[in-house]
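Protein chains: 2
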Amino acid sequence: MSNTEQSVGIVAAQSAEFASALELCSGSVLPSYTLKYETYGELNAARTNAVLICHALSGHHHVAGRYHPDEKSPGWWDSMIGPGKPIDTRRFFVVGVNNLGGCHGSSGPSSLNPATGRAWGSGFPLMTVPDWVKTQARLADRLGIDRWAAVIGGSLGGMQALQWSIDFPERVAHALVIASAPKLSAQNIAFNDVARQAILSDPDFHGGDFYQQNALPRSGLRLARMLGHITYLSDDGMGEKFGRMLRSGEFRYCYDVEFEIESYLRSQGDKFANVFDANTYLLMTKALDYFDPAQAHGDDLALALRRAQAQFLVVSFTSDWRFSPQRSREIVQALIAADKKVVYGEIESSHGHDAFLMLDPPYVNLMRSYLRRVAEELGA
Amino acid sequence: MSNTEQSVGIVAAQSAEFASALELCSGSVLPSYTLKYETYGELNAARTNAVLICHALSGHHHVAGRYHPDEKSPGWWDSMIGPGKPIDTRRFFVVGVNNLGGCHGSSGPSSLNPATGRAWGSGFPLMTVPDWVKTQARLADRLGIDRWAAVIGGSLGGMQALQWSIDFPERVAHALVIASAPKLSAQNIAFNDVARQAILSDPDFHGGDFYQQNALPRSGLRLARMLGHITYLSDDGMGEKFGRMLRSGEFRYCYDVEFEIESYLRSQGDKFANVFDANTYLLMTKALDYFDPAQAHGDDLALALRRAQAQFLVVSFTSDWRFSPQRSREIVQALIAADKKVVYGEIESSHGHDAFLMLDPPYVNLMRSYLRRVAEELGA
Numbered sequence: 035m036s037n038t039e040q041s042v043g044i045v046a047a048q049s050a051e052f053a054s055a056l057e058l059c060s061g062s063v064l065p066s067y068t069l070k071y072e073t074y075g076e077l078n079a080a081r082t083n084a085v086l087i088c089h090a091l092s093g094h095h096h097v098a099g100r101y102h103p104d105e106k107s108p109g110w111w112d113s114m115i116g117p118g119k120p121i122d123t124r125r126f127f128v129v130g131v132n133n134l135g136g137c138h139g140s141s142g143p144s145s146l147n148p149a150t151g152r153a154w155g156s157g158f159p160l161m162t163v164p165d166w167v168k169t170q171a172r173l174a175d176r177l178g179i180d181r182w183a184a185v186i187g188g189s190l191g192g193m194q195a196l197q198w199s200i201d202f203p204e205r206v207a208h209a210l211v212i213a214s215a216p217k218l219s220a221q222n223i224a225f226n227d228v229a230r231q232a233i234l235s236d237p238d239f240h241g242g243d244f245y246q247q248n249a250l251p252r253s254g255l256r257l258a259r260m261l262g263h264i265t266y267l268s269d270d271g272m273g274e275k276f277g278r279m280l281r282s283g284e285f286r287y288c289y290d291v292e293f294e295i296e297s298y299l300r301s302q303g304d305k306f307a308n309v310f311d312a313n314t315y316l317l318m319t320k321a322l323d324y325f326d327p328a329q330a331h332g333d334d335l336a337l338a339l340r341r342a343q344a345q346f347l348v349v350s351f352t353s354d355w356r357f358s359p360q361r362s363r364e365i366v367q368a369l370i371a372a373d374k375k376v377v378y379g380e381i382e383s384s385h386g387h388d389a390f391l392m393l394d395p396p397y398v399n400l401m402r403s404y405l406r407r408v409a410e411e412l413g414a
Numbered sequence: 035m036s037n038t039e040q041s042v043g044i045v046a047a048q049s050a051e052f053a054s055a056l057e058l059c060s061g062s063v064l065p066s067y068t069l070k071y072e073t074y075g076e077l078n079a080a081r082t083n084a085v086l087i088c089h090a091l092s093g094h095h096h097v098a099g100r101y102h103p104d105e106k107s108p109g110w111w112d113s114m115i116g117p118g119k120p121i122d123t124r125r126f127f128v129v130g131v132n133n134l135g136g137c138h139g140s141s142g143p144s145s146l147n148p149a150t151g152r153a154w155g156s157g158f159p160l161m162t163v164p165d166w167v168k169t170q171a172r173l174a175d176r177l178g179i180d181r182w183a184a185v186i187g188g189s190l191g192g193m194q195a196l197q198w199s200i201d202f203p204e205r206v207a208h209a210l211v212i213a214s215a216p217k218l219s220a221q222n223i224a225f226n227d228v229a230r231q232a233i234l235s236d237p238d239f240h241g242g243d244f245y246q247q248n249a250l251p252r253s254g255l256r257l258a259r260m261l262g263h264i265t266y267l268s269d270d271g272m273g274e275k276f277g278r279m280l281r282s283g284e285f286r287y288c289y290d291v292e293f294e295i296e297s298y299l300r301s302q303g304d305k306f307a308n309v310f311d312a313n314t315y316l317l318m319t320k321a322l323d324y325f326d327p328a329q330a331h332g333d334d335l336a337l338a339l340r341r342a343q344a345q346f347l348v349v350s351f352t353s354d355w356r357f358s359p360q361r362s363r364e365i366v367q368a369l370i371a372a373d374k375k376v377v378y379g380e381i382e383s384s385h386g387h388d389a390f391l392m393l394d395p396p397y398v399n400l401m402r403s404y405l406r407r408v409a410e411e412l413g414a
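Chains X and F, in that order, are what the protein sequence lines are. Residues 35 to 414 in this note's numbering are what the first sequence lists, from first letter to last. Residues 35 to 414 in this note's numbering are what the second sequence lists, from first letter to last.
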């Protein structure tokens, strides 16, 4: 089947408007909001074959396919989703959603606040993983999906999959938690805070209300992304790819690009700063910091997971130092202690945290075989 | 002897003026320059008991003692240097020097350019480790020191100790290379470049000539230091000290300090930005990036070290991920391949890279016993 992999083809985004108020973990209330989403494949008659893809920090609802035949890049997880791919759209009805607070069409800091007619900016409330899961559940209601065949996500997306299994136990058959962690470490939070301070201290940030100032905090967002990138790649992977390679073959003794790694990071930062919203970046890093499902259960993750009814696939990557295998093992140990069914895959890879977006064969094979079993359970 | 450890007491900095031109690796020539230094203990009649302390990124010549009885903190390595301490000033004549390009009294970007009467700023040339070693050798000449009993440094300081053994083989009896690396990895360079970009993109940097603008690039330097600090501490050490501890006991859902680690990092950044020079910070990170003694020898470190006549102590710390034990082992393997005498200590510590400034007992004991042997060789 892997020899006949195809693209989902041309896709279109959809919008769902929610007019009922949403109470958030922070205590703030959002009177109404929009969620942007995409679907691929067909929902079966029994409505049992739906799969939710949860995105990470810089992701969105455009998960697979292209909007136009000449679109440069397909959706961000196109490698994994399509006819004959591990998340097989001949079997599954796949839903991608842009999280609330995002900057790709769902309500967020850069979207218009209906109450003022101007961008929300600093007025948009902070989000948490449970808030997102709540909004995704409302979207599932709208789509007539009582229970997901699987909720799947990497990194921050994996946290949403885990939270789904806790908050809506009866609505998740399988949770696939990839390159994730049960909560952030002090070091994780520290990196996030440096990224935030870079944005917050950019004079063009204007306290979050730069939209009205015809300004963009590009410099801060660029630094945040450069720093993020270091934590997405492994030391070894970076060494293999860039090492100490020089741009011009010799030292130039100035602050322009000298090493290839500098060129790569700066250009990644520049590209990102032109397309992503700084307030969304801040909000996403805070949602990461806040995530801690064990907290309400005396810091006992097994206790938090006891209510889950899902089966779990947990995947980690050996060279991921942002959320190392040890962090995934904490989840696995808690699931075992909570008497849940769990498959754990620790994948040998030099791709670091980014490996969840890559196609290391043992990873692809694991995803494929696990999801084939999920489909077979459904008779799909 | 450790029970009778004493301070070196009240110390005073000295200046040495060098009027002969200094040709740098970059090709730039500095017509004259000042080096600020301090000494502790007495040079013996044979002038054989001198020890040079090389500093790291943010260090300087004030290594031990106090300038006034009420000075808040002593020199930065006071724990290691003094009567009865591992670097025992009853036996050794200890020299600390502020590297050229520094911001503590030696000529540097923030000092006056005699040719213009204004701060050097962007006009100060970039430095390399071999440049520093050359200036330190001139200082040794001035002090009448033909041969150091030991050249000692941690991190970037360790690189200087290694370079000394290569560039002036006959002038170094022992090189103590602590928490160092034979060259930076792509990841190391990447972190340095993010720090530099933070400074370079600060609107108050003014291309390095902020001195004339009555401005200080505090924001960029603060970010650089916050980021640096993450790489100086270990993930585990940070976890033990700060974990997910909250400042006010509960989430506040805003961008002010929430976690204690944020408070710590921001205050470290603020303090540093008020006392350190941004151009010196840039210059120091570049010297780190450039360091690669094997480069001129076909990337063969053993070949580079073959000319060394020193004996070596190499020390690493298990939780140091900036310059991990693996990087020290590369040095040790090259020394062995070059048929040099080397003692290697891999110290169990949770203090990360900063451990070289701490007093983990196995580290202190190793330094003490190694340096006792050095002193005994001298009959000191």
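For every residue, glycine included, the Cβ atom is placed at its ideal position computed from N, Cα and C.
From the options, pick the residue whose C-alpha is nearest to that of residue i; which is it?
| i | options | result |
| --- | --- | --- |
| Thr150 of chain F | F:Gln246, F:Ser253, F:Arg340 | F:Gln246 |
| Ile121 of chain F | F:Asp236, F:Pro359, F:Glu39 | F:Glu39 |
| Ser282 of chain F | F:Leu339, F:Glu292, F:Lys275, F:Met193 | F:Glu292 |
| Leu299 of chain X | X:Ala90, X:Gly192, X:Met272 | X:Met272 |
| Leu86 of chain F | F:Ser62, F:Cys137, F:His208 | F:His208 |
| Gly75 of chain F | F:Leu146, F:Leu91, F:Gly43 | F:Gly43 |
| Leu64 of chain F | F:Pro143, F:Phe126, F:Arg124, F:His138 | F:Pro143 |
| Gln345 of chain F | F:Gly136, F:Ala389, F:Leu210 | F:Leu210 |
| Leu190 of chain F | F:Asp290, F:Leu58, F:Leu91, F:Met392 | F:Leu91 |
| Leu337 of chain F | F:Leu250, F:Asp104, F:Lys374 | F:Lys374 |
| Arg212 of chain X | X:Cys88, X:Asp201, X:Asp290, X:Leu250 | Sequence inspection shows Ile at residue 212 of chain X; the Arg mentioned does not correspond to that position. It is X:Cys88. |
| Leu196 of chain X | X:His387, X:Asn399, X:Leu347 | X:Leu347 |
| Ser358 of chain X | X:Phe390, X:Met161, X:Leu335, X:Arg340 | X:Phe390 |
| Gly303 of chain F | F:Phe285, F:Gly157, F:Leu261 | F:Leu261 |
| Asp290 of chain X | F:Leu77, F:Lys320, F:Met401, F:Leu146 | F:Lys320 |
| Ala368 of chain X | X:Ser156, X:Ala47, X:Ile200 | X:Ile200 |
| Gln360 of chain F | X:Asp270, X:Trp154, X:Phe285 | X:Asp270 |
Between residue i and chain F, is the shortest Cβ-Cβ distance under 8 Å, so that the two count as touching?
| i | result |
| --- | --- |
| Gln194 of chain X | no |
| Met260 of chain X | yes |
| Ser282 of chain X | no |
| Thr124 of chain X | Contrary to the premise, residue 124 of chain X reads as Arg rather than Thr in this sequence. It does not: the Cβ of Arg124 of chain X has no partner Cβ on chain F nearer than 8 Å. |
| Leu234 of chain X | yes |
Can residue i and residue j be called in contact, C-beta distance under 8 Å?
| i | j | result |
| --- | --- | --- |
| Val185 of chain F | Trp198 of chain F | yes |
| Ile233 of chain F | Gly254 of chain F | yes |
| Tyr71 of chain X | Val131 of chain X | yes |
| Ser141 of chain X | Thr73 of chain X | no |
| Gly93 of chain X | Trp110 of chain X | yes |
| His240 of chain X | Ala229 of chain X | no |
| Pro103 of chain F | Ser41 of chain F | no |
Run through DSSP, which three-state label would residue i get?
| i | result |
| --- | --- |
| Thr169 of chain X | helix |
| Phe239 of chain X | helix |
| Gln246 of chain X | helix |
| Gln40 of chain F | coil |
| Phe127 of chain F | strand |
| Lys70 of chain F | strand |
| Tyr378 of chain F | strand |
| Ser350 of chain X | strand |
| Glu51 of chain X | strand |
| Leu369 of chain X | helix |
| Trp198 of chain F | helix |
| Gln343 of chain X | coil |
Can you check whether the C-beta of residue i is within less than 8 Å of a C-beta belonging to chain X?
| i | result |
| --- | --- |
| Lys217 of chain F | yes |
| Gln48 of chain F | no |
| Ile223 of chain F | yes |
| Ile381 of chain F | no |
The ligand SAH and residue i: does the residue's C-beta get closer than 7 Å to at least one heavy atom of that ligand?
| i | result |
| --- | --- |
| Glu380 of chain F | What this structure holds is no ligand at all, so the ligand SAH is not there to describe. |
Between the region 41-57 of chain X and the region 169-179 of chain X, do at least 3 Cβ pairs fall closer than 8 Å? yes
Count the CB pairs spanning the region 316-329 of chain X and the region 212-222 of chain X that are closer than 8 Å, and state whether there are at least three. yes
The region 303-312 of chain X touching the region 234-245 of chain F, judged by at least three CB pairs closer than 8 Å: no
Tell me whether the region 76-89 of chain X and the region 177-196 of chain X touch, counting them as touching only if at least three CB pairs, one residue from each stretch, are closer than 8 Å. yes
Would you be able to state if there are at least three C-beta pairs under 8 Å between the region 380-387 of chain X and the region 405-414 of chain X? no
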